[in-house]
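Student: Numbering (the numbering used here), first residue to last: 5 to 345.
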Amino acid sequence: MPTSPKEMVSAHRLSHLAAELKRRTNDPTALPRALQAANLSKNDLGQEGHQIYAEDEARFIQEAVAIVQDKTFAATAGLNFTKNTSIPVYIAKCSENLRSALQNASRYTVLADGHFTYHTETSEDDVTIILCEYNPFLEFGDRVREFMVFTILTAMRNLTGRSFNLREIKFSHEPPDCHDAIARLAKCPVVFGARRTELKLSNAILDLPLTTYDPSLLRHLERYGDSLLAELKQPEPSLRLRVEALLIDHLPERLLPAPEVAAELGLSSRTFTRRLSQAGLTFSGILDELRGKLAKTYLAQSETSISQIAFLLGYADQAAFTTAFKRWSGQTPKAYRETSI
Numbered sequence: 005m006p007t008s009p010k011e012m013v014s015a016h017r018l019s020h021l022a023a024e025l026k027r028r029t030n031d032p033t034a035l036p037r038a039l040q041a042a043n044l045s046k047n048d049l050g051q052e053g054h055q056i057y058a059e060d061e062a063r064f065i066q067e068a069v070a071i072v073q074d075k076t077f078a079a080t081a082g083l084n085f086t087k088n089t090s091i092p093v094y095i096a097k098c099s100e101n102l103r104s105a106l107q108n109a110s111r112y113t114v115l116a117d118g119h120f121t122y123h124t125e126t127s128e129d130d131v132t133i134i135l136c137e138y139n140p141f142l143e144f145g146d147r148v149r150e151f152m153v154f155t156i157l158t159a160m161r162n163l164t165g166r167s168f169n170l171r172e173i174k175f176s177h178e179p180p181d182c183h184d185a186i187a188r189l190a191k192c193p194v195v196f197g198a199r200r201t202e203l204k205l206s207n208a209i210l211d212l213p214l215t216t217y218d219p220s221l222l223r224h225l226e227r228y229g230d231s232l233l234a235e236l237k238q239p240e241p242s243l244r245l246r247v248e249a250l251l252i253d254h255l256p257e258r259l260l261p262a263p264e265v266a267a268e269l270g271l272s273s274r275t276f277t278r279r280l281s282q283a284g285l286t287f288s289g290i291l292d293e294l295r296g297k298l299a300k301t302y303l304a305q306s307e308t309s310i311s312q313i314a315f316l317l318g319y320a321d322q323a324a325f326t327t328a329f330k331r332w333s334g335q336t337p338k339a340y341r342e343t344s345i
């Protein structure tokens with residue numbers, strides 16, 4: 005796994021997750037155990053404006069899942085997150101309709117979440133909200149992804165005052181054994197193992213007016229948000245992570261060549277190569293290491309066939325993938341899978 009920058013997230017979410025854990029169990033040791041497993045303490049709960057590391061939030065969720073013995077814990081916690089008081093949510097509330105709410109809030113998501121951001125794609129009938137992660141290799145990131153998708157769904161329902169259902173949810177991770185239970189919570193088709201994590205909803209829903217629309221307060225909140233952005237000390241994701249995220253986003257349809265990755269980053273090919281070199285990196289090295297990490301991740305999931313993994317990683321055939329994997333690990337993909345599962 006690559007070393008990621010320390011993405012920070014609002015501890016307000018942790019307070020909600022802790023309350024959900026306490027609601028789900030009568031064990032008085034449950035919360036202290038989950039906090040300890042995540043390198044957190046009660047001092048991290050309830051502090052206004054306090055932030056924690058994204059990786060610690062992920063560990064807390066994973067430990068809570070183990071304590072309550074319910075892999076839908078994260079999704080359920082997202083559905084129950086009705087008191088979200090982050091700056092992006094306040095800005096969304098003051099917007100004219102759901103479409104403008106999503107657009108206005110997207111600029112300020114980093115104030116509450118240094119790990120996820122989002123953008124939208126619109127077709128004639130549908131709108132797709134696409135979640136983007138600064139570090140797609142976050143340990144225990146699958147449950148965090150589920151928490152965030154259901155948090156967004158709940159936020160949109162609260163904004164509009166309508167209990168509408170999505171047309172589809174897609175997750176980029178492989179299906180957990182609670183796939184059917186998550187689909188029941190979502191009340192719409194849920195696809196796992198997709199290229200991207202996304203929520204699809206009817207275009208008409210985005211034009212629903214918000215009763216909380218307040219253009220004057222919106223301008224005030226945006227000025228306040230801009231001042232917070234100016235003060236923000238959070239570093240940009242590393243060049244390696246940004247390159248990896250772009251490569252992952254286009255697999256398995258195509259393997260982006262270096263000039264296209266550079267263009268996506270707003271750099272010339274020459275500047276891109278120079279910045280990689282300054283960081284002690286090469287494009288081919290990043291690509292090779294990324295394929296190795298993804299291959300090991302996929303092989304640990306027994307439902308994904310080796311031939312399918314080869315396709316997902318952009319190899320012409322299984323033989324080419326096997327040769328590459330033996331170079332990375334000294335084992336064949338089959339042997340590695342047998343020792344990993």
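Note that CB positions come from ideal geometry on N, CA and C, so glycine has one too. Values in this document were obtained by computation on a predicted structure and should not be read as measured data.
Write down every uninterrupted run of the beta strand (DSSP E) in the segment 169-220 whose length is 3 residues or greater and which is fully enclosed by it, in chain order.
Tutor: As far as the segment 169-220 is concerned, its whole beta strand (DSSP E) runs of at least 3 residues are 172-174 and 201-206.
Student: Which residue wins for smallest C-alpha separation from residue 224, given the options 39, 79 and 94?
Tutor: The shortest Cα separation from residue 224 among 39, 79 and 94 belongs to 94.
Student: Cutting at 8 angstroms between CB atoms, please list the residues of its own chain near residue 211, excluding the five before and the five after it.
Tutor: Counting only Cβ-Cβ distances below 8 angstroms, and skipping sequence neighbours, we find 101, 102 and 103.
Student: Would residue 59 and residue 143 qualify as a contact pair, given that the criterion is a beta-carbon distance under 8 angstroms?
Tutor: Yes, the pair counts as a contact, with Cβ atoms nearer than the cut-off.
Student: Should residue 123 and residue 11 be called a contact, given that it needs their Cβ atoms to be closer than 8 angstroms?
Tutor: The answer is no: Cβ separation not under 8 angstroms.
Student: By the 10 Å Cβ neighbour count, where 16 or more other Cβ atoms means buried, how is residue 88 classified, buried or exposed?
Tutor: That one is buried.
Student: Tell me, which residues are paired with residue 57 by DSSP?
Tutor: In DSSP, residue 57 forms a bridge with 12.
Student: Along the chain, where does the alpha helix (DSSP H) containing residue 100 start, and where does it finish?
Tutor: Run containing residue 100: none; DSSP gives neither H nor E here.
Student: Sort 97, 336, 55 and 49 by Cα distance to residue 215 and report the nearest one.
Tutor: Residue 215 has its Cα closest to that of 97, out of 97, 336, 55 and 49.
Student: Roughly how many whole angstroms lie between the Cα atoms of residue 77 and residue 278?
Tutor: Computed Cα separation, rounded: 45 angstroms.
Student: Here's the rule I'm using: 16 or more other beta-carbon atoms within 10 Å means buried, otherwise exposed. How should residue 321 be labelled?
Tutor: Result: exposed.
Student: Give the C-beta separation of residue 303 and residue 341 to the nearest angstrom, bearing in mind that I take them to be a contact with Cβ-Cβ under 8 angstroms.
Tutor: 5 angstroms between Cβ atoms; contact.
Student: Tell me the residue span of the beta strand (DSSP E) that contains residue 120.
Tutor: Looking at the DSSP string, the run of the beta strand (DSSP E) that includes residue 120 is 120-126.
Student: With DSSP as the reference, label residue 44 as helix, strand or coil.
Tutor: Looking at residue 44 - three-state DSSP - the assignment turns out to be coil, as it is neither helix nor strand.
Student: At which residues does the beta strand (DSSP E) containing residue 277 begin and terminate?
Tutor: No beta strand (DSSP E) holds residue 277; the alpha helix (DSSP H) holding it covers 273-282.
Student: Among 329, 325, 265 and 125, whose alpha-carbon lies nearest the alpha-carbon of residue 286?
Tutor: Here the closest residue by C-alpha is 265.
Student: From residue 337 to residue 311, what does the alpha carbon distance come to, in whole angstroms?
Tutor: In a straight line, the C-alpha of residue 337 is about 10 angstroms away from that of residue 311.
Student: Indicate the three-state DSSP secondary structure (helix, strand or coil) for residue 135 in the structure shown.
Tutor: Residue 135 falls in the strand class under three-state DSSP.
Student: What residue does the alpha helix (DSSP H) around residue 311 start on, and which one ends it?
Tutor: Start and end: 310-316.
Student: Helix or strand or just coil, what does DSSP make of residue 7?
Tutor: Residue placement at residue 7 is flagged as unreliable, the pLDDT there being 33, under the threshold of 50; the coordinate-derived value follows with that caveat. If DSSP states are grouped into helix, strand and coil, residue 7 belongs with coil.
Student: Using DSSP with H/G/I as helix, E/B as strand and the rest coil, what is residue 36?
Tutor: In this structure, residue 36 counts as helix in the three-state DSSP scheme.
Student: Mind checking whether residue 82 and residue 29 have CB atoms under 8 angstroms apart?
Tutor: Not a contact, by the Cβ cut-off of 8 angstroms.
Student: DSSP three-state label for residue 253, please.
Tutor: Helix at residue 253.
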